[in-house]
Structure formats: structure tokens, C-alpha cells
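Chains as they are written, first to last, in the numbering used here: chain X, 5 to 352; chain C, 5 to 352; chain Y, 5 to 352.
By construction, the Cβ of each residue, glycine as well, lies at the ideal position given by its N, Cα and C atoms.
Comments concern the structure below.
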Amino acid sequence: MSATLDELASRFSCRVSGDGATTVSRVATLSSASPEAISFLANPLYKSQLATTCAGAVIVDAGAAADAPVPCLVCDNPYAVYAQVAAVLHPRPAPKAGIDAAASVDPSATVAAGAEVGPKAVVGAKASIADGVVIGAGAVIGARASIGAGTTIAPLASIGDAVELGARCIVHSGAVIGADGFGFAEHEGQWIKVPQLGSVTIGDDVEIGANTTIDRGAIEDTVIEDGVKLDNLVQIAHNVHIGAHTVMAAMSGAAGSTRIGKRCKVGGAVIMVGHLTICDDAMFTFASIVTRSVTEPGVYGGSLPAEEASKWRRNAARFRQLDAIHDRLRMLERQVDEQLAGKTKADD
Amino acid sequence: MSATLDELASRFSCRVSGDGATTVSRVATLSSASPEAISFLANPLYKSQLATTCAGAVIVDAGAAADAPVPCLVCDNPYAVYAQVAAVLHPRPAPKAGIDAAASVDPSATVAAGAEVGPKAVVGAKASIADGVVIGAGAVIGARASIGAGTTIAPLASIGDAVELGARCIVHSGAVIGADGFGFAEHEGQWIKVPQLGSVTIGDDVEIGANTTIDRGAIEDTVIEDGVKLDNLVQIAHNVHIGAHTVMAAMSGAAGSTRIGKRCKVGGAVIMVGHLTICDDAMFTFASIVTRSVTEPGVYGGSLPAEEASKWRRNAARFRQLDAIHDRLRMLERQVDEQLAGKTKADD
Amino acid sequence: MSATLDELASRFSCRVSGDGATTVSRVATLSSASPEAISFLANPLYKSQLATTCAGAVIVDAGAAADAPVPCLVCDNPYAVYAQVAAVLHPRPAPKAGIDAAASVDPSATVAAGAEVGPKAVVGAKASIADGVVIGAGAVIGARASIGAGTTIAPLASIGDAVELGARCIVHSGAVIGADGFGFAEHEGQWIKVPQLGSVTIGDDVEIGANTTIDRGAIEDTVIEDGVKLDNLVQIAHNVHIGAHTVMAAMSGAAGSTRIGKRCKVGGAVIMVGHLTICDDAMFTFASIVTRSVTEPGVYGGSLPAEEASKWRRNAARFRQLDAIHDRLRMLERQVDEQLAGKTKADD
Numbered sequence: 005m006s007a008t009l010d011e012l013a014s015r016f017s018c019r020v021s022g023d024g025a026t027t028v029s030r031v032a033t034l035s036s037a038s039p040e041a042i043s044f045l046a047n048p049l050y051k052s053q054l055a056t057t058c059a060g061a062v063i064v065d066a067g068a069a070a071d072a073p074v075p076c077l078v079c080d081n082p083y084a085v086y087a088q089v090a091a092v093l094h095p096r097p098a099p100k101a102g103i104d105a106a107a108s109v110d111p112s113a114t115v116a117a118g119a120e121v122g123p124k125a126v127v128g129a130k131a132s133i134a135d136g137v138v139i140g141a142g143a144v145i146g147a148r149a150s151i152g153a154g155t156t157i158a159p160l161a162s163i164g165d166a167v168e169l170g171a172r173c174i175v176h177s178g179a180v181i182g183a184d185g186f187g188f189a190e191h192e193g194q195w196i197k198v199p200q201l202g203s204v205t206i207g208d209d210v211e212i213g214a215n216t217t218i219d220r221g222a223i224e225d226t227v228i229e230d231g232v233k234l235d236n237l238v239q240i241a242h243n244v245h246i247g248a249h250t251v252m253a254a255m256s257g258a259a260g261s262t263r264i265g266k267r268c269k270v271g272g273a274v275i276m277v278g279h280l281t282i283c284d285d286a287m288f289t290f291a292s293i294v295t296r297s298v299t300e301p302g303v304y305g306g307s308l309p310a311e312e313a314s315k316w317r318r319n320a321a322r323f324r325q326l327d328a329i330h331d332r333l334r335m336l337e338r339q340v341d342e343q344l345a346g347k348t349k350a351d352d
Numbered sequence: 005m006s007a008t009l010d011e012l013a014s015r016f017s018c019r020v021s022g023d024g025a026t027t028v029s030r031v032a033t034l035s036s037a038s039p040e041a042i043s044f045l046a047n048p049l050y051k052s053q054l055a056t057t058c059a060g061a062v063i064v065d066a067g068a069a070a071d072a073p074v075p076c077l078v079c080d081n082p083y084a085v086y087a088q089v090a091a092v093l094h095p096r097p098a099p100k101a102g103i104d105a106a107a108s109v110d111p112s113a114t115v116a117a118g119a120e121v122g123p124k125a126v127v128g129a130k131a132s133i134a135d136g137v138v139i140g141a142g143a144v145i146g147a148r149a150s151i152g153a154g155t156t157i158a159p160l161a162s163i164g165d166a167v168e169l170g171a172r173c174i175v176h177s178g179a180v181i182g183a184d185g186f187g188f189a190e191h192e193g194q195w196i197k198v199p200q201l202g203s204v205t206i207g208d209d210v211e212i213g214a215n216t217t218i219d220r221g222a223i224e225d226t227v228i229e230d231g232v233k234l235d236n237l238v239q240i241a242h243n244v245h246i247g248a249h250t251v252m253a254a255m256s257g258a259a260g261s262t263r264i265g266k267r268c269k270v271g272g273a274v275i276m277v278g279h280l281t282i283c284d285d286a287m288f289t290f291a292s293i294v295t296r297s298v299t300e301p302g303v304y305g306g307s308l309p310a311e312e313a314s315k316w317r318r319n320a321a322r323f324r325q326l327d328a329i330h331d332r333l334r335m336l337e338r339q340v341d342e343q344l345a346g347k348t349k350a351d352d
Numbered sequence: 005m006s007a008t009l010d011e012l013a014s015r016f017s018c019r020v021s022g023d024g025a026t027t028v029s030r031v032a033t034l035s036s037a038s039p040e041a042i043s044f045l046a047n048p049l050y051k052s053q054l055a056t057t058c059a060g061a062v063i064v065d066a067g068a069a070a071d072a073p074v075p076c077l078v079c080d081n082p083y084a085v086y087a088q089v090a091a092v093l094h095p096r097p098a099p100k101a102g103i104d105a106a107a108s109v110d111p112s113a114t115v116a117a118g119a120e121v122g123p124k125a126v127v128g129a130k131a132s133i134a135d136g137v138v139i140g141a142g143a144v145i146g147a148r149a150s151i152g153a154g155t156t157i158a159p160l161a162s163i164g165d166a167v168e169l170g171a172r173c174i175v176h177s178g179a180v181i182g183a184d185g186f187g188f189a190e191h192e193g194q195w196i197k198v199p200q201l202g203s204v205t206i207g208d209d210v211e212i213g214a215n216t217t218i219d220r221g222a223i224e225d226t227v228i229e230d231g232v233k234l235d236n237l238v239q240i241a242h243n244v245h246i247g248a249h250t251v252m253a254a255m256s257g258a259a260g261s262t263r264i265g266k267r268c269k270v271g272g273a274v275i276m277v278g279h280l281t282i283c284d285d286a287m288f289t290f291a292s293i294v295t296r297s298v299t300e301p302g303v304y305g306g307s308l309p310a311e312e313a314s315k316w317r318r319n320a321a322r323f324r325q326l327d328a329i330h331d332r333l334r335m336l337e338r339q340v341d342e343q344l345a346g347k348t349k350a351d352d
């Protein structure tokens with residue numbers, strides 16, 4: 005696809021600086037772009053590359069437009085405009101409607117005429133596949149599962165029995181939605197399995213990363229609201245509830261029954277214990293360990309960065325003495341207090 | 005299914021308080037139950053919901069029975085009884101004996117008549133599938149692998165060549181059992197692959213979570229004893245040995261050759277380095293990093309919880325000075341000691 | 005297979021100590037070996053087992069040869085020689101050339117005559133499968149993907165559209181290469197998907213562990229150079245670049261656009277934030293959190309090991325007071341300084 009800057013500006017509410025008839029046909033980074041490409045500046049890290057870009061045009065905010073050597077789409081949020089321009093210039097292929105001859109679809113399943121079911125995919129009994137859905141090669145859709153319109157299930161993803169996904173979701177390869185939650189009752193040193201009778205309910209516009217796992221609820225459903233984005237290798241335990249438009253980066257996780265609010269930002273490798281309540285608009289920095297509920301929006305952190313190992317080891321060894329160090333400090337404080345008191349007395 | 009309290013009490017050694025003829029047909033949470041449901045109180049967090057439950061009956065311990073507004077099953081371990089009652093009221097469907105026409109079973113494999121092999125599942129050469137086994141859609145069973153009676157392999161799980169699973173196990177979707185261990189010999193700045201010649205041996209009544217990985221041993225087998233329960237995204241490296249009835253929560257892992265005892269409880273995201281020996285009955289709290297062997301049963305911990313980020317940053321910065329802080333403390337101690345000694349001398 | 009020590013010594017540049025005509029036919033550990041087996045001593049942990057081994061021969065360095073009760077292959081790097089001897093005695097089966105009748109290969113794909121495509125495997129449009137490649141059961145190779153000669157794709161691995169893998173790679177089950185990177189632009193409290201238009205380029209002799217995820221680049225490719233070894237459940241985000249012969253142990257990860265140098269050693273559960281640059285020959289110890297670029301080769305660390313929980317809790321509580329502890333220390337220093345100054349003055 006190609007488009008002029010004027011066309012893109014009109015579609016995405018930008019101002020054009022320079023020749024609006026400039027035509028672009030693909031996106032590229034500032035440093036590698038050629039004249040048929042449009043690039044963007046959103047991360048200040050890359051600002052120095054703007055002056056020397058060979059792009060045909062760039063997407064920038066008003067502050068950077070003056071520094072751009074080429075025509076610009078000027079807007080408040082260059083990254084968001086870039087995302088939309090990239091989708092226009094590089095459209096995803098439309099579903100190839102139909103069921104591959106090598107797929108296996110239960111006769112009791114409902115597959116919309118406009119849905120695509122790939123080779124070796126399996127659709128279980130009474131499952132419901134809406135229009136515009138793509139079921140990738142080898143993916144498995146469980147019995148009575150429901151996949152909303154326009155949703156893409158990538159190859160080898162697994163959607164469990166009775167799981168419900170909304171519209172326009174993307175589930176990446178290897179994701180497992182609806183495995184049993186981890187529920188066992190201890191009894192005389194052994195473990196009795198607690199049947200996991202709930203399901204998973206997922207809203208619209210949710211994206212779920214590769215090899216991410218979302219367990220079914222123990223009695224009621226695990227719930228992922230609209231617009232949630234989960235990265236790869238994320239773990240969502242049974243009965244977790246994630247509010248709309250929350251994002252969780254790779255290797256993060258939430259243990260059973262934790263409720264995460266709306267619009268939260270959960271950094272990579274952040275893990276939360278179970279039974280917490282996290283309010284809306286909370287942000288957790290990379291690799292934090294969350295053990296208490298959060299009632300105030302804000303930024304929460306908790307990781308110690310790696311250092312040169314010999315230095316780290318010395319500090320880590322002192323950490324193991326920290327309570328004793330505190331006691332020594334307190335003793336000193338008393339001694340100095342007494343000295344000062346004595347001195348004061350002597351001064352009398 | 006439905007049952008009376010009297011029937012359930014007799015089956016699971018409970019006492020009935022109230023009308024034993026009360027019939028229940030499903031389980032529910034205290035807060036959402038309706039009269040045909042039986043609920044339970046095990047976690048004190050939910051105690052306040054007992055008085056107002058609309059459940060037809062509840063499973064409680066003797067201490068809570070008096071507070072229950074409805075008939076009760078009274079027992080010592082309500083959660084364990086709940087687990088069993090739930091399994092009675094919500095029985096898992098029996099295997100649909102037979103091999104799906106869309107499965108691929110090697111002619112040299114042995115599949116018991118009562119086993120179910122789902123669509124697109126693959127059973128390799130000389131594999132052995134016992135009675136009552138369910139092989140889910142798209143799952144792959146390697147050559148010479150052996151699956152014990154009543155075991156369920158969920159869709160898209162992968163069981164490697166020669167892996168042996170006992171009876172009544174559950175392997176969830178995406179789990180990979182028997183990939184090569186991570187073994188390489190360094191040689192002139194490059195890595196020579198060390199053939200991974202062992203297999204994986206898994207006992208009876210083991211449950212393995214979604215996308216969990218258990219590597220085959222380098223020479224001898226990786227071993228998972230009876231009754232072990234592993235949650236999702238758990239990593240078990242080559243030659244690890246896990247004792248019977250140990251549980252490991254999601255995102256935990258054990259590096260190569262570590263031996264974990266029986267009845268250990270490993271919290272979520274706990275990771276262990278290799279070549280450790282962990283005794284029976286050790287417990288590790290959430291997100292601990294285990295770098296030393298453990299010889300005494302008990303509780304071990306090691307994570308720092310997230311805090312409000314500005315507070316965290318201040319403490320974390322001091323952590324990086326901790327060894328220097330200790331040196332300053334020691335200097336002060338000396339100075340104060342000298343002062344006190346001087347003062348004592350002066351007092352003479 | 006079997007071989008004499010003389011044959012093995014000649015092939016792998018070792019010296020024979022003892023009877024070079026000794027024939028061995030398999031490898032074993034020192035403690036479990038029988039006379040037809042060859043064992044090795046590389047980890048000093050196992051040195052005590054050398055004197056009592058029943059192996060027919062052992063691979064040792066010059067220092068240990070005198071202690072060996074049986075004939076030896078003597079060399080500088082016993083583990084590297086062991087790796088090669090094991091590969092000789094236990095050769096991997098050659099590919100069974102041909103496409104399984106239950107596979108699904110797009111007519112536009114190119115599959116070399118010597119390649120093996122297993123049951124239920126899927127090869128997409130215009131994909132290219134070189135000679136000696138093994139595509140395991142149920143694996144999915146995307147459209148336009150390219151798999152180099154001698155590479156093995158294990159069952160149920162997923163190779164995305166347009167991904168390129170070099171020669172002699174091994175991709176284990178459940179690995180997902182080429183899922184979309186995690187890219188979203190925030191816009192009015194919601195998230196706009198940023199199309200992930202790059203691919204993944206992987207060199208020769210790369211091994212990728214079970215359930216590991218490597219995302220495609222946002223615009224340009226994610227790159228894994230020759231000889232890299234990734235363990236299980238590793239996360240490689242979009243635009244990451246990993247230099248040749250770097251190893252990353254299980255559960256480690258690198259966030260978007262981070263560049264890792266050559267010959268780095270990344271321990272288990274080490275995670276790196278995005279946009280870092282790590283120089284060649286850097287090593288990160290188990291469970292480190294890497295938040296800054298590294299410019300000097302060396303060892304970097306950053307984890308606090310678990311302790312007996314009551315001890316841990318006391319130290320962790322003090323950690324939360326660490327900035328305040330530091331302030332108290334500084335106050336004391338001032339007080340003592342003043343006292344010393346006063347004393348000095350008084351002594352004048």
C-alpha cells in the first residue's frame with residue numbers, strides 16, 4: 005500500500021509540514037529508511053538520528069518538526085500515529101475464509117462462513133467460531149469454547165473447553181487458556197485435586213502473548229477485561245481478574261484470586277502473590293515482587309540491580325547482617341546519648 | 005449429579021449438622037451460592053460471608069458450624085472434603101474409548117482399548133498407552149514413551165521419546181516433558197553439545213502445569229516421584245529429582261541435578277540453583293532464590309516486597325552502599341570505644 | 005556403537021593411559037558405570053567417585069589420571085571430550101527422509117529430498133526446508149520461513165512466517181519463534197497495536213530450549229547469531245540482538261532492543277531491561293536483574309539468597325528502613341565528630 009502525507013494527515017488528524025503530496029509506501033527506522041519510507045521519532049534516545057535520516061517523511065511532535073530534514077506528519081503522539089500509519093501501509097492479510105481440508109472440526113461446532121480454520125487445527129464439539137476469525141495451523145479450540153468476531157488464534161495456541169474470547173483478540177502461539185488452576189487440598193501429607201469448575205472469560209481487543217498461561221477459575225471464572233495486553237510467558241492463575249486496558253510485560257504473573265485494576269502497567273518479570281487487590285492506574289517497575297494490596301494509584305518498585313559481582317557480594321553479605329547492624333547502630337546511639345548527657349551534666 | 009448431605013457425610017466421614025436429607029447438586033462460593041449448591045469455608049478471609057450465604061449447605065469445621073445459617077457437613081478439613089464433594093457432583097467425563105480418525109498412531113505403538121486418542125494427536129513408534137488414558141487433541145507422544153493407566157495428556161502437550169509417566173497423572177497443555185537438558189561443554193569460546201541420553205521418569209498421581217518444562221537427564225533420568233504437583237511455567241532441569249508429594253507453584257524452577265525432598269512446598273517464582281540437596285518438608289516462600297542446600301525442615305524465604313517507588317529507590321541506593329555503611333559503623337564504634345576508654349581513664 | 009580408547013584418543017587428540025585396546029560401547033556416570041561404559045571426571049564435586057568406579061575407562065585431565073583405577077583418555081578438557089565421545093557412542097538417528105502422509109505441506113513450499121517432515125507437521129506457503137532437516141510431529145513452519153540444512157525442529161515447535169534459521173540448529177518443543185513483539189502505543193488510556201513488521205534471523209548451530217519465545221522485530225529483525233544456546237522458558241523480546249556463542253540459562257530474558265555481546269554467559273532467571281548494550285564476555289550470575297548497560301567484560305551479580313525465614317524477615321524489615329538507618333548513622337558521625345573536636349579543643 006502507499007499513501008500521501010495529506011491522506012495520512014487527514015485520516016489521523018495530523019498537520020503536514022512540507023510537501024503533502026509526498027508518497028510513502030512502507031515504514032522504516034530513522035537510521036535505515038530510504039525515500040519511499042516514512043519513519044517516526046517517539047523515543048528521545050533516537051533524536052540524533054532525525055537530522056540525517058534518508059526517510060521520505062517522518063512522524064514527529066511539534067517540538068521536533070523544525071529539526072526534521074524531510075516532510076513531516078506533525079502530531080501530539082507520534083508513536084500512536086506511527087502505529088496506525090504502519091497498519092495502513094502494511095495491512096494484515098484478510099482471513100482466507102474456509103476450513104482447511106486437514107483441519108478437524110467437530111460436526112456440532114459452528115464455524116462462520118467468513119472464518120479461516122488452518123491445517124491440523126482442531127475445533128471441538130459445540131464450539132462457536134465467529135466471522136473473520138483465523139484459527140492458525142495446529143491450534144486447538146476446546147468444546148463449547150466461543151471465539152468472537154475478528155479474533156486471531158495463532159498456530160499451536162490452545163483454547164480450553166468453554167473458554168470465551170471476545171472480538172478482535174490476538175492469541176499468540178503456545179498460549180494456553182483454560183488449563184486447570186493449581187488447586188489441591190492437603191490431606192495427610194498428600195494432595196487431593198480440587199476440581200477446577202470455572203472457565204476463562206476474555207473481553208474484546210485483548211492480546212495474549214506466546215506461551216502465556218491463563219488458568220480457568222476454581223468455581224467462578226478467571227476474567228480478563230477489554231483491551232488487556234499480556235506479553236509472552238505471563239502466568240495468570242485461577243480466579244484472577246484483570247481490569248480493562250491493563251498491560252503486563254513478559255514473564256510477569258499474578259497468583260490466585262488477585263484482582264488487578266484498570267489501566268495498570270505491570271513491568272516485565274513482576275510477580276504478585278494471591279488474594280491481592282490492586283487499584284486502577286498502578287504501575288509496577290521491572291522485576292518487582294508484589295506482596296501487598298495497593299490502594300493508591302502510583303508507581304511501585306522493588307528490584308535490586310546487578311552490579312560488578314565482587315561489589316555485589318560485599319553488599320549482599322552485609323544484607324545478611326542487617327538486623328545485627330541495626331542493633332549495633334542503636335547501641336552506639338545510646339552510648340553517644342549517654343556521653344552527651346554526661347557531658348551536658350559535666351558542663352553544668 | 006446430586007447427593008444428600010447424609011450420603012456425602014457417610015462417604016467422606018463427616019458429621020451432619022441440620023437436615024441430612026438436604027440435596028445438593030453443585031458447588032458454589034459462599035457469596036454466589038443458591039439453594040441447590042453446597043459451599044465451604046476453609047480460608048478465614050471469607051468467614052464473614054458465611055452468615056449471609058444462600059447455599060443449600062456448607063462444609064465447615066466444628067468451630068464454624070455454629071455460625072452457619074444452613075445445614076452443614078462438619079469435618080476437620082473442609083477444603084479436602086470440598087475437593088471430594090466437588091468431584092462427586094461434577095464428575096469428569098469418562099474417556100471416549102478409541103482413536104480419532106484424524107489421529108496418527110504408529111503401527112508399532114500399543115494403545116489400550118479403553119484409551120482415547122484425540123484428533124491430530126500423534127503416538128510414536130513402540131509407545132505404550134494404557135487403559136483409561138486420554139490423549140488430547142494435537143498432543144504428541146514420543147517413540148517408546150509409556151503412559152500409565154488413567155493418565156490425561158491435555159491438548160498440545162508434548163511427551164518426549166522414552167519418557168515414562170505413571171498412572172492417574174494429568175499433564176496440561178503446552179507442557180514439554182523430555183526435551184534435551186541444557187548441557188554444553190565449552191571449548192575454545194564455543195559450545196559442544198553434550199548428548200542428553202537419559203529420560204524422564206514420572207510416578208503416579210503427578211500433575212504438571214501448562215507450559216511447564218521437564219528436561220531429560222544427561223546420562224541417567226530426571227525423576228518426579230508420586231504425587232508431585234507442578235504448576236504452570238515451571239522449569240525442571242536435567243537430572244533433577246523431586247520427592248513424593250512435593251508441590252511447586254507457578255514460575256518456580258530447579259537447575260540441573262538438584263534434589264528436592266518429599267512433601268516440600270515451593271512457592272511461586274522460587275528458583276533453585278543446581279546441585280543442591282533440599283531435605284524433606286522444606287518450604288520456600290514466594291520468589292525466593294535458593295543457592296544453598298537445606299538440611300533442616302522449616303520455612304525459608306528471600307524476597308523483598310515492592311514499595312512506593314520513591315521510597316524503594318532511596319533504600320535500594322543505600323543497599324549499594326551497604327558495605328561502606330558497615331565500615332562507617334565500625335569506625336564509629338571504635339571512636340566511641342576509645343572515647344569511653346579515655347573517659348574511664350580520665351575518671352580514674 | 006563401540007570404540008577402543010586408541011580410536012577415541014586419535015579422533016579427539018587425547019593421550020591413552022593404560023590399555024588402549026579397551027573397548028567401550030556407552031557412556032555412564034562414575035557411580036553407575038559398568039565395564040562396557042566410559043565415564044568422565046569434570047566436576048570436582050564427583051572426584052571421590054573416581055577411585056571406586058566400575059567403568060571400563062574414564063576421561064580425565066592429567067591431574068586426575070594417576071587416581072583412576074581404570075584406563076584413561078587423558079586430555080585438557082574432559083567434559084568437551086566426553087561430549088564428543090558420547091556423540092560417537094550414542095549417535096542420533098539419521099532423518100527418515102520424506103514427508104509423512106499425515107503432514108500438511110503447502111504445494112508452494114520447497115522441501116529437500118533428504119528432509120523429514122513428521123506426522124501432523126505443517127509447512128506453510130513458500131517455506132524452504134533444506135536437506136537433512138527434521139520437522140517433528142505437529143510442528144508448524146510458517147509461510148516463507150527458511151530452515152537451514154541439518155536443523156531439527158522438535159514436535160510442536162512453532163516457527164513463524166518469514167523466520168530464518170541457519171544450519172544445524174535445534175529448536176525444542178513448544179518454542180515459539182516469531183510471535184509479534186509486545187508493541188503498543190498508548191492513546192487516551194487505551195493501547196493501539198504497533199504492527200510487528202520485522203522477522204527473526206537465527207544463525208547456524210543455535211539451540212533453542214523448550215517453550216522459549218523469540219519475538220519478531222518491530223521494523224527490523226530480532227537477531228540471534230551463530231552458536232547461541234538458549235535454555236527453556238527464555239524470553240527474547242523484539243529487536244534484541246544476541247552475539248555469537250552467548251548462552252542464556254533457563255527462565256532468563258531480555259527486553260526489547262537490548263543488545264547482548266558475544267560469548268556472554270547469562271545465568272538462570274537473569275532478566276535484562278530493554279535498550280541495554282552488554283559488551284562481549286560479560287557474565288551474569290543466577291537471578292540477577294540487569295538494568296544498566298555493561299561496558300567491561302567481567303562477572304556481574306545481583307541476587308539475595310534465601311535464608312531461614314525468621315532471619316530473612318528481620319533483615320528484610322531493616323532493608324525497608326535502610327535510608328533511615330543511613331541518616332541515623334550520619335547523625336551519629338556528626339555527634340562523635342563534634343565530641344572529638346570538642347575534646348581536641350579541651351585538650352589544647
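Residue contact with chain Y for Trp316/X: present (Cβ-Cβ distance below 8 Å to some residue of chain Y).
Judged by DSSP in its simplified three-state form, Gln325/C adopts coil rather than helix or strand. For Phe290/Y, there are no C-beta contacts with chain X under 9 Å, since the nearest C-beta of that chain is about 11 Å from it.
In the DSSP annotation of this structure, the continuous segment of the alpha helix (DSSP H) that includes Asp10/Y starts and ends at Leu9 to Phe16. For Pro97/C, none of the residues of chain Y pass the 7 Å Cβ criterion, the least Cβ distance being about 24 Å. Within the segment 139-164 of chain Y, Gly140, Ala141, Gly142, Ala158, Pro159 and Leu160 place their CB atoms closer than 8 Å to a CB of chain C, listed in sequence order. In the DSSP assignment, Gly67/X falls within the unbroken alpha helix (DSSP H) covering Ala66 to Ala69. Under the 10 Å beta carbon count, Gly221/C is surrounded by 16 or more other beta carbons and is classified as buried.
Taking Val137/C as the centre and dropping the five residues before and after it, the same chain places the C-beta of Ala119, Ile151 and Thr155 closer than 6 Å to its C-beta, in chain order.
The beta carbons of Pro199/X and Ala117/C sit about 27 Å from each other, so the pair does not count as a contact at 8 Å.
Listed along the chain, the chain C residues whose CB falls inside 8 Å of the CB of Asp219/X are Ala214 and Asn236. A Cβ-Cβ distance of about 5 Å is found for the pair Ser43/Y and Val62/Y, placing them in contact under the 8 Å criterion.
What Asp327/C touches in chain X, judged by beta-carbon distance under 7 Å, is Arg318, Asn319 and Arg322, going in chain order.
Under DSSP, Gly257/C shares a beta bridge with Gln239/C and Ile275/C.
For the options Gly142/Y, Ile133/Y and Val121/Y, the alpha carbon positioned closest to that of Pro123/X is the one of Gly142/Y.
By the neighbour-count definition (other C-beta atoms within 10 Å, threshold 16), Asn47/X is an exposed residue.
Look at Arg30/C here: in three-state DSSP terms it is strand. Assigned with DSSP and collapsed to three states, Arg148/Y falls in coil, not helix or strand. Under DSSP, His249/X takes part in no beta bridge, so it has no partner. Lys100/X counts as exposed, since fewer than 16 other C-beta atoms from the protein chains shown sit within 10 angstroms of its C-beta.
Ranked by how close their Cα comes to the Cα of Val20/X, the residues Thr57/X, Val85/X, Met5/X and Ala32/X have Val85/X in first place. His94/Y and Pro97/X have their alpha carbons spaced roughly 46 Å apart.
Under a criterion of Cβ atoms nearer than 7 Å, the residues of chain C adjacent to Val340/Y are, in order, Leu336, Gln339 and Val340. The beta carbon of Phe188/Y lies closer than 7 Å to those of Trp195, Ile196, Lys197 and Val198 in the same chain, with the five residues before and after it left out. Positions of the alpha helix (DSSP H) runs, each at least 4 residues long and wholly inside the segment 60-108 of chain X, are given as 66-69 and 82-93 in order along the chain. Short of 6 Å from the beta carbon of Gln325/Y, and not among the five residues preceding or following it, lies no beta carbon of its own chain.
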